[in-house]
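The structure appears below as structure tokens.
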Amino acid sequence: MTVGAIPVSTRAMPSTVQQWWTLTTRMIAPTLSNGELATQIIGSIVFTVGFYLPLKNILGAVQPMSSYAQYLTPLIVVQAIFFAAVSAAFRSAMDALAGINRRFRAMPMARLTPLAARMTASMYRCVVALVVALVCGHIIGFRFYGTVWHTIGFIVFALLIGAALALMGDLIGAATKNPEATAPLLLVPQVTLGLTSVGLQPVERFPGWIQPFVREQPLSHWLNALRALAGDSTPAAPAVTWSVIGPALAWVAAFIVIFTWLHAVVARRP
Amino acid sequence: MSSTDKAVVVEDLRKSFGSVVALRGISFEVGRGEVLGLLGPNGAGKTTTVDILSTLATPDSGTAIVAGHNVRTDPGGVRRSIMLTGQQVALDDMLTGRQNLVMFGRLQGLKKAQAKSRAAELLDRFDLAQAADRSVKHYSGGMRRRIDIACGLVVRPEVVFLDEPTTGLDPRSRLAIWELVSDFKADGIATLLTTQYLEEADSLSDRIIVIDKGTIIAEGTADSLKERIGGTYCEIVPRDVNDVPALAAALGSLLPAENRAALTDTSDRVSMPAPDGATTLMAALNLISTADIELQDIALRRPSLDEVFLQLTGRPEADAAVDVGALT
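Protein chains in written order, with this note's numbering: chain A, 3 to 272; chain B, 7 to 334.
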């Protein structure tokens with residue numbers, strides 16, 4: 003043998019922080035070169051153009067707020083963040099398929115470190131999505147009218163939604179182990195919940211039989227909360243009260259609890 | 007952990023998945039610097055054994071000590087001492103070979119500079135330097151297997167689990183992995199090698215355990231096992247495959263009942279133990295020429311895995327295997 007295959011050194015004790023950071027950067031670094039970041043940015047722009055241009059004149063007149071941009075931008079934010087969750091699902095399915103999770107489990111590493119790293123990478127995607135969506139929103143006329151605290155609340159809450167959706171996407175990827183199937187699987191909730199929400203038009207515009215669903219589904223509650231936190235130049239935006247923010251927070255908390263629990267179930271599967 | 011020279015001690019390991027019993031009480035030991043071959047067909051319980059020893063699965067009962075750490079009470083200690091390569095290559099396909107090596111080095115606690123220099127060493131050693139900065143998803147099967155094993159060697163393991171490391175590999179990659187096992191041995195690392203290839207178990211292992219349906223059915227050195235299963239085999243190929251039944255009839259009592267039973271409509275040859283070597287071959291030739299059957303070939307050779315199983319279990323190996331496609 004030339005160079006020794008087997009090192010002589012005794013092993014260092016791996017630190018959880020170093021492992022978490024290593025696993026996070028392995029997912030973030032390729033996004034710069036493999037087109038994932040570009041897709042993310044283009045996706046947010048496409049959502050803005052695709053919803054705003056065709057619907058501005060039709061639905062702009064029937065919504066109560068000062069402009070359709072002010073009404074629509076929360077939906078653009080949530081859809082862009084949903085897109086980040088699809089990427090999360092794709093990556094977690096790749097890892098599950100490649101058997102690398104199995105290998106991590108036989109290494110000196112805390113059980114939750116790989117998931118924590120995937121979630122960190124997902125939050126990075128969410129921040130990119132949020133920034134691009136807000137820039138797009140600003141261009142079409144969206145503004146923050148609330149206090150600084152309300153604006154901070156908007157950003158934090160949008161990222162919380164991102165965390166909930168990323169956990170869902172990550173779970174779907176880990177459970178299906180099928181990267182190709184993740185996008186269609188997530189497209190169904192993204193489109194159905196997106197279109198049957200108060201994101202594009204007020205609940206009164208829907209047929210009577212579906213109005214209870216439109217009013218109570220999670221996306222509508224999230225959009226109402228984001229609209230309240232963004233505010234408006236007219237009093238038409240929902241008020242920042244517990245009756246608006248409470249249900250939205252409850253839905254996010256429910257998503258996080260349920261999907262974390264399901265993650266534990268999937269992780270225990272042989 | 008240096009107080010004992012046993013790197014792996016397994017006692018009465020049992021494991022079921024629902025109603026399927028995977029392990030029915032397995033016991034064995036592996037010494038430091040020893041290579042133990044775990045030989046058996048698919049579904050015999052080889053991977054379940056490796057899973058338990060590498061803390062991926064918990065046993066229903068029994069004890070397993072790996073490098074001095076109990077897999078049940080100290081899984082962290084076990085994980086710090088082992089290297090595991092599964093039947094499937096486990097890499098990050100988005101990264102290059104070098105990036106994968108650095109990542110595993112960092113995960114094992116190496117500093118950035120250490121991880122980089124160790125990656126360069128391993129790329130050299132595994133003959134992958136030219137492909138180092140290409141994404142591993144474009145690697146060939148043999149290259150992927152080599153980088154997979156290299157990723158397990160960024161730090162020194164005490165016990166190595168190689169789960170069917172050469173299944174589906176080209177001869178050159180197979181040879182590289184065989185050489186590596188000799189390195190482990192020379193370095194005092196215990197190796198548990200699972201394989202479906204008798205040839206591989208024979209040439210690499212100090213001892214072989216034959217496992218079938220979750221039970222150890224034979225244990226010993228390659229030589230003692232070969233002795234037990236009759237050592238030499240005589241293989242007779244008629245010129246016309248339609249002569250196989252006539253050939254079997256002509257051999258009479260020379261062909262043991264279980265070898266006779268193993269013949270099927272598609273058999274193109276007859277195999278039988280040749281305990282007396284050349285004498286058995288001469289006796290067979292006499293019987294065949296009396297029956298006037300024309301031969302294409304007749305030879306003495308070492309037993310195949312099929313014959314090992316036939317001898318040890320009294321049934322053809324194909325019956326024991328769920329999937330015989332991968333068998334040679």
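Quick reminder that beta carbons are idealized off the backbone N, C-alpha and C, glycines included. Only a predicted model underlies this, so the values are computations on that prediction, with no experimental measurement involved.
Exercise. With ARG20(B) as the anchor, note down where its beta strand (DSSP E) starts and where it stops.
Key: 12-23
Quiz item: Is the number of C-beta pairs between the region 67-81 of chain B and the region 8-23 of chain B that are closer than 8 angstroms three or more?
Solution: yes
Quiz item: Rounded to a whole number of angstroms, what is the C-alpha to C-alpha distance between PRO262(B) and SER146(B)?
Solution: 45 angstroms
Self-check item: THR91(B) - partner residues in DSSP beta bridges
Solution: LEU168(B)
Practice problem: Would you list the residues sitting across from SER277(B) in a DSSP beta bridge? | Solution: GLU241(B)
Quiz item: DSSP beta-bridge partners for SER123(B)?
Solution: SER123(B) pairs with nothing; no bridge assigned.
Quiz item: Do you know whose CA, among SER46(A), ALA165(A), LEU117(A) and ARG145(A), lies nearest TRP22(A)'s CA?
Solution: LEU117(A)
Self-check item: Members of the region 76-99 of chain B that neighbour chain A once the beta carbon cut-off is set at 8 angstroms
Solution: GLY82, ARG85, ARG86, ILE88, LEU90, GLY92, GLN94, VAL95, ALA96, LEU97, ASP98 and ASP99
Quiz item: Would GLN105(B) count as contacting chain A if we go by Cβ distances under 9 angstroms?
Solution: yes
Quiz item: Whose Cβ in chain B lies nearer than 7 angstroms to the Cβ of THR24(A)?
Solution: MET109, ARG112 and LEU113
Quiz item: Hey, is the region 118-134 of chain A in contact with the region 191-199 of chain A, meaning 3+ C-beta pairs nearer than 8 angstroms?
Solution: no
Quiz prompt | Contact set for PRO204(A): own chain, Cβ-Cβ below 8 angstroms, skip 5 residues either direction | solution = VAL64, GLN65 and PRO66
Quiz item: What residues match up with PHE371(B) in a beta bridge as DSSP calls it?
Solution: A question about residue 371(B) goes unanswered here, because the residues of chain B that appear run from 7 up to 334.
Quiz item: Can a CB atom of chain B be found closer than 9 angstroms to the CB of MET109(A)?
Solution: yes
Quiz prompt | Element boundaries [alpha helix (DSSP H), containing ARG127(A)] | solution = 115-142
Practice problem: Decide if the region 128-148 of chain A is in contact with the region 99-106 of chain A; the criterion is three or more beta carbon pairs, one per stretch, under 8 angstroms apart. | Solution: no
Quiz item: Can you tell me whether DSSP reads ASP208(B) as helix, strand or coil?
Solution: helix
Quiz item: Among ARG152(B), ILE32(B), THR286(B) and VAL243(B), which residue has its Cα nearest to the Cα of GLN302(B)?
Solution: VAL243(B)
Quiz prompt | CB contact check: ASP172(A) to chain B, cutoff 9 angstroms | solution = no
Exercise. Answer with yes or no whether the minimum CB distance from SER25(B) to chain A is below 9 angstroms.
Key: no
Quiz item: Going by other Cβ atoms of all chains shown within 10 Å of its Cβ, with 16 needed for buried, is ALA326(B) buried or exposed?
Solution: In this predicted model, ALA326(B) has a pLDDT of only 43, less than 50, meaning its place in the structure is not dependable; the value taken from the coordinates is given anyway. Buried, because 16 or more other Cβ atoms sit within 10 Å of the Cβ of ALA326(B).
Exercise. Go ahead and pull the three-state DSSP assignment for LEU261(B).
Key: coil
Self-check item: Terminal residues of the alpha helix (DSSP H) in which SER245(A) lies
Solution: 244-270
Practice problem: For SER209(B), decide whether its Cβ has a neighbour in chain A, counting only Cβ atoms nearer than 9 angstroms. | Solution: no
Quiz item: Do ILE153(B) and VAL160(B) come within 9 angstroms of each other at the CB atom, strictly closer than that value?
Solution: no
Exercise. Under 7 angstroms Cβ to Cβ from ARG38(B), same chain only, skipping five residues before and after it: list those, please.
Key: ASP11, ALA13, GLY194 and ALA196
Exercise. Specify the secondary structure class of ARG162(B) as computed by DSSP and reduced to three states.
Key: coil
Quiz item: Given THR334(B), which residues of its chain have a CB within under 6 angstroms of its CB, disregarding the five upstream and five downstream residues?
Solution: For THR334(B), the pLDDT reaches just 31, beneath the cut-off of 50, and the residue's location in the model is therefore unreliable, although a value from the coordinates is still provided. Excluding sequence neighbours, THR334(B) sits near nothing in its chain.
Quiz item: Can you tell me where the alpha helix (DSSP H) with ARG85(B) in it begins and where it stops?
Solution: 81-85
Self-check item: Sheet register partners of HIS75(B) (DSSP bridge)
Solution: VAL72(B)
Quiz item: What does PRO32(A) reach in chain B if we use C-beta pairs closer than 8 angstroms?
Solution: MET100 and LEU101
Exercise. Classify THR200(B) as helix, strand or coil using the three-state DSSP reduction.
Key: strand
Self-check item: Contact residues within the region 40-61 of chain B, judged by C-beta distance below 9 angstroms to chain A
Solution: ASP57, SER60 and THR61
Practice problem: Could you check what DSSP says for ILE47(A) in three-state terms: helix, strand or coil? | Solution: helix
Quiz prompt | Cross-chain neighbours of ALA63(A) in chain B, by beta carbon under 8 angstroms | solution = Near ALA63(A) there are no residues of chain B at all, since even the closest Cβ is about 47 angstroms away, more than 8 angstroms.
Quiz prompt | VAL26(B) versus ASN48(B): straight-line alpha-carbon distance, rounded | solution = 14 angstroms
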